[in-house]
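Enquirer:
There are 2 protein chains.
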Amino acid sequence: MARSRLTPERESELYSAVLDLLGEVGYEALTMDAVAARTRSSKATLYRQWGSKPELVVKALRHNKPVQLAEIDTGSLRGDFHAVLQRTDDCQMEKNSALMRGLGQAVHSNPDLFQALRELLIEPELTGLGLMLQRAVDRGEVRPDNPALSFLPHMMIGAFAARELVEDRTVDQAFLIDYAEAVVFPALGV
Amino acid sequence: MARSRLTPERESELYSAVLDLLGEVGYEALTMDAVAARTRSSKATLYRQWGSKPELVVKALRHNKPVQLAEIDTGSLRGDFHAVLQRTDDCQMEKNSALMRGLGQAVHSNPDLFQALRELLIEPELTGLGLMLQRAVDRGEVRPDNPALSFLPHMMIGAFAARELVEDRTVDQAFLIDYAEAVVFPALGV
Chain H
1 MARSRLTPER ESELYSAVLD LLGEVGYEAL TMDAVAARTR SSKATLYRQW GSKPELVVKA
61 LRHNKPVQLA EIDTGSLRGD FHAVLQRTDD CQMEKNSALM RGLGQAVHSN PDLFQALREL
121 LIEPELTGLG LMLQRAVDRG EVRPDNPALS FLPHMMIGAF AARELVEDRT VDQAFLIDYA
181 EAVVFPALGV
Chain Y
1 MARSRLTPER ESELYSAVLD LLGEVGYEAL TMDAVAARTR SSKATLYRQW GSKPELVVKA
61 LRHNKPVQLA EIDTGSLRGD FHAVLQRTDD CQMEKNSALM RGLGQAVHSN PDLFQALREL
121 LIEPELTGLG LMLQRAVDRG EVRPDNPALS FLPHMMIGAF AARELVEDRT VDQAFLIDYA
181 EAVVFPALGV
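These protein sequence lines are chains H and Y, in that order.
Here the first sequence is numbered in the UniProt record's numbering, starting from 1 and rising by one per residue.
Here the second sequence is numbered in the UniProt record's numbering, starting from 1 and rising by one per residue.
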């Protein structure tokens, strides 16, 4: 691969534009032409730097830093949950939802993309949630054999997906708090 | 529109092939050429009969009959839930999941498609679930002010979406029963 002539700032700007476009038009409709136009770069530069559209998208996804859940430890599950929400503003949640939608079908026919989506948006969250739940179990807030423990990802992903499908809106902090109080904490016996 | 020369059986066969293709390749990649090849019809026939790809897909979605939840009434919420599952076999659930994936991004840029998806896969389920829950409230199984009542669609859609994203599998009856016992019934206080 040719040596890069992009500064880290420029690279970061480019990745961010790719993720915005992905959320707006979806993976299928995201063309190198559209990326070139949005970022005012030449297609030649894009191809020289990233080789192909899947590579560019995967790199863009990997560049985006998810919220670090693992650092949060307030002493109660409810407190941890609120702290997580405070770190992710509504605008970021809307962007993440758009990204998930934009990747939709594409991830099922492109294993690299699926892997990048999992690594960026799913696994860090699952790991963080897992630690948070383990602390709640250790403190005695949640029984270790509570069967809802393994379904937390399903409950949370459902909140995001259904908000869009049923209500045609994206999630925000207020909605997630209501949902946690109505569904997640009762299921966990908290 | 020209008079149809397709028999109802042929039409039904065609719609079913469109939905299969949609689940396999997604809306963007579903071309009239692919539909023509799969159904061994001419593109001219497809265009004469349906005008355009969105119209064809919307008609195909509308033609597909969802499970009628409203007829189910076993006398308990748990019983109703099991009865619903028995009416939808695992193969049909896999097809529905593939359809949702296949429609993914496309529904957000095509209001007719979004409306068809809602009418086919979402609203009948929500209406049926609503009646089922209302009966549970009337029987005293669920408190009328239980805040989880309005989140049942979110809990259920989450089960479908997360099963794919987290576990890379589609839902089946056994999974849905475990999920309902661990999450849905406890949240509803049943």
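All C-beta atoms in this analysis are idealised placements derived from N, C-alpha and C, irrespective of residue type, glycine included.
Since we're looking at a predicted model, the values are computed, not measured.
On a CA-only basis, which of Asp90(Y), Val35(Y), Arg143(Y) is nearest Pro54(Y)? Give me that one, please.
Expert: In the second sequence, counting from the first residue as 1, residue 54(Y) sits at position 54. That would be Val35(Y), whose Cα lies nearest to the Cα of Pro54(Y).
Enquirer: When the cut-off is 8 Å and only beta carbons count, does Gly158(H) lie next to chain Y?
Expert: The residue given as residue 158(H) occupies position 158 in the first sequence. Output row for Gly158(H): interface = yes.
Enquirer: Using Cβ-Cβ distances below 7 Å, what residues of the stretch 42-55 of chain H are close to chain Y?
Expert: Taking 7 Å as the Cβ-Cβ cut-off against chain Y, none of the residues of the stretch 42-55 of chain H qualify.
Enquirer: Are the CB atoms of Val166(H) and Pro153(Y) nearer to each other than 8 Å?
Expert: To locate residue 166(H), count along the first sequence from 1; it is residue 166. To locate residue 153(Y), count along the second sequence from 1; it is residue 153. Yes.
Enquirer: Does any residue of chain Y have a CB that is nearer than 8 Å to the CB of Val142(H)?
Expert: As a working note, residue 142(H) is residue 142 in the first sequence. Output row for Val142(H): interface = no.
Enquirer: If you compare alpha carbons, which of Thr170(H), Met32(H), Leu22(H) is closest to Leu113(H)?
Expert: Taking the first residue of the first sequence as position 1, residue 113(H) is located at position 113. Looking at the Cα atoms, Leu22(H) is the closest of the given residues.
Enquirer: Kindly list the residues whose CB is nearer than 7 Å to the CB of Val18(Y), restricted to its own chain and excluding five residues on each side of it in sequence; keep chain order.
Expert: Taking the second sequence and counting its residues from 1, one reaches residue 18(Y) at position 18. Val35, Leu56, Val57, Ala60.
Enquirer: Report the rounded CA-to-CA distance for Glu24(Y) versus Leu99(Y), giving the unit in angstroms.
Expert: Taking the second sequence and counting its residues from 1, the one referred to as residue 24(Y) is at position 24. Taking the second sequence and counting its residues from 1, the one referred to as residue 99(Y) is at position 99. Going from the Cα of Glu24(Y) to the Cα of Leu99(Y) covers about 8 Å.
Enquirer: Near Glu94(H), which residues of its chain fall below 7 Å by C-beta distance, leaving aside the five closest residues on each side in sequence?
Expert: If you number the first sequence from 1, residue 94(H) lands on position 94. The residues are Thr170.
Enquirer: For the 8 Å Cβ check, are there 3 or more pairs between the stretch 3-17 of chain H and the stretch 37-54 of chain H?
Expert: Contact between the stretch 3-17 of chain H and the stretch 37-54 of chain H is present, because at least three Cβ pairs lie under 8 Å.
Enquirer: Checking contacts by CB at 8 Å: is Phe81(H) closer than that to chain Y?
Expert: Stepping through the first sequence from its first residue, residue 81(H) is reached at position 81. Judged by the 8 Å Cβ criterion, Phe81(H) is not in contact with chain Y.
Enquirer: Ala148(H) and Val183(Y) look like a contact to me (Cβ under 8 Å); what is the Cβ gap, rounded to whole Å?
Expert: The residue you call residue 148(H) lines up with position 148 of the first sequence. The residue you call residue 183(Y) lines up with position 183 of the second sequence. Correct: roughly 5 Å between the Cβ atoms.
Enquirer: Using only CA atoms, which one of Asn146(Y), Ala161(Y), Ala136(Y) lies nearest to Ala187(Y)?
Expert: Walking along the second sequence from the start, residue 187(Y) turns up at place 187. Nearest of Asn146(Y), Ala161(Y), Ala136(Y) to Ala187(Y), Cα basis: Asn146(Y).
Enquirer: Could you tell me if Ala136(Y) is buried or exposed, where buried requires 16 or more neighbouring beta carbons within 10 angstroms of its beta carbon?
Expert: In the second sequence, residue 136(Y) corresponds to position 136, counting from 1. So Ala136(Y) counts as buried.
Enquirer: Examine chain H for any beta-carbon lying closer than 8 Å to the beta-carbon of Val166(Y), and answer yes or no.
Expert: Taking the second sequence and counting its residues from 1, one reaches residue 166(Y) at position 166. Yes, because at least one Cβ of chain H sits closer than 8 Å to the Cβ of Val166(Y).
Enquirer: Where do the N-terminal and C-terminal ends of the alpha helix (DSSP H) with Ile157(Y) fall, by residue?
Expert: As a working note, residue 157(Y) is residue 157 in the second sequence. Taken as a continuous stretch (DSSP letters only), the alpha helix (DSSP H) holding Ile157(Y) covers 152-167.
Enquirer: With a threshold of 8 Å between beta carbons, is Glu94(H) in contact with chain Y?
Expert: Residue 94(H) sits at position 94 when you count from the first residue of the first sequence. Chain Y contact via Cβ: absent.
Enquirer: Is the distance from the Cβ of Leu103(Y) to the Cβ of Tyr179(Y) below 8 Å?
Expert: Taking the second sequence and counting its residues from 1, the one referred to as residue 103(Y) is at position 103. Taking the second sequence and counting its residues from 1, the one referred to as residue 179(Y) is at position 179. It is not a contact, given that the beta carbons lie outside the stated cut-off.
Enquirer: Quick one: using the 10 Å Cβ neighbour count with 16 as the cut-off for buried, is Leu6(H) buried or exposed?
Expert: As a first step, residue 6(H) is located in the first sequence; it is residue number 6 there, counting from the start. Result: exposed.
Enquirer: For Gly189(H), collect the residues of the same chain with a Cβ closer than 7 Å to its Cβ; drop the 5 residues on either side in sequence, then sort them by chain order.
Expert: By one-based count along the first sequence, residue 189(H) stands at place 189. Hits under 7 Å: Val142, Arg143, Asn146.
Enquirer: For a contact defined as C-beta to C-beta under 9 Å, what are the partners of Leu126(H) on chain Y?
Expert: In the first sequence, residue 126(H) corresponds to position 126, counting from 1. The answer, in chain order, is Val166.
Enquirer: Going by C-alpha distance, which of Gln173(Y), Ile177(Y), Phe185(Y) is nearest Asp90(Y)?
Expert: Translated into the one-based positions of the second sequence, residue 90(Y) becomes position 90. Looking at the Cα atoms, Gln173(Y) is the closest of the given residues.
Enquirer: Note down the Cα distance separating Leu120(Y) from Asp73(Y), rounded to an integer number of angstroms.
Expert: Looking up residue 120(Y) in the second sequence gives position 120. Looking up residue 73(Y) in the second sequence gives position 73. Those two C-alpha atoms are separated by around 22 Å.
Enquirer: Residues of chain H with CB closer than 8 Å to the CB of Tyr15(Y), please, in chain order.
Expert: Position 15 of the second sequence, counted from the first residue, corresponds to residue 15(Y). Result: empty, since nearest Cβ-Cβ is about 20 Å, beyond 8 Å.
Enquirer: Nearest CA to the CA of Gln134(H): which residue from Arg10(H), Gly75(H), Leu30(H)?
Expert: Against the first sequence, residue 134(H) aligns to sequence position 134. When each option's Cα is compared against that of Gln134(H), the closest is Gly75(H).
Enquirer: Pro111(Y) touches chain H at which residues, Cβ-Cβ below 7 Å?
Expert: By one-based count along the second sequence, residue 111(Y) stands at place 111. By Cβ distance, chain H contributes nothing, its closest Cβ being about 10 Å from Pro111(Y), past 7 Å.
Enquirer: Does any residue of chain H have a CB that is nearer than 8 Å to the CB of Val84(Y)?
Expert: Numbered from its first residue, the second sequence carries residue 84(Y) at position 84. So no, Val84(Y) is outside the interface.
Enquirer: Kindly provide the ranges of any beta strand (DSSP E) runs that are 3 or more residues long and lie completely inside the UniProt domain "HTH tetR-type" (8-68) of chain Y, ordered along the chain.
Expert: Whole beta strand (DSSP E) segments, 3+ residues: zero.
Enquirer: Thinking C-beta only, is Leu77(H) closer than 8 Å to Leu176(H)?
Expert: Residue mapping note: residue 176(H) aligns to position 176 of the first sequence, counting from 1. Residue mapping note: residue 77(H) aligns to position 77 of the first sequence, counting from 1. Against a cut-off of 8 Å, the Cβ pair of Leu77(H) and Leu176(H) comes out as no contact.
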